[in-house]
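Asker: Here it is: the structure, laid out below.
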Amino acid sequence: WISSEAKKEGIEENIAKYDGKWAVEEAERNGLKGDLGLVLKSKAHHHAISARLDKPFLFDNKPFIL
């Protein structure tokens, strides 16, 4: 995973950054033992994360649903 260095445009500099921290760890409650996930570690921050794709995804007139 790659933490974003993007900034929002048209707003004050101190709130324009995506500066929230992430971690890969087990859930604190209701999780499966040994199951890892992305966890937000910073309260009241904007978070952004990405991952490089191994190949391009072509949708050819199909909707992209996330």
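Here UniProt numbering is used: the first residue of the sequence shown is 1, the next is one more, and so on. C-beta atoms are modelled at their ideal positions from N, C-alpha and C, and glycine is treated no differently.
When you compare the stretch 47-54 with the stretch 1-21, are there three or more beta-carbon pairs, one atom per stretch, that lie closer than 8 Å?
Answerer: The stretch 47-54 vs the stretch 1-21: in contact.
Asker: Compute the Euclidean distance between the alpha carbons of Gly34 and Ile65, then round it to the nearest angstrom.
Answerer: Taking the straight line joining both Cα atoms gives about 29 Å.
Asker: Roughly how many angstroms lie between the CA atoms of Ser42 and Ile11, to the nearest whole one?
Answerer: Approximately 21 Å, taken between the alpha carbons.
Asker: Taking only three categories from DSSP, how would you classify Ile15?
Answerer: It is helical.
Asker: Assuming the contact rule is C-beta atoms closer than 8 Å, Leu36 and Glu28 should be a hit. Round their C-beta distance to whole Å, please.
Answerer: Contact flag wrong, Cβ pair sits at about 13 Å.
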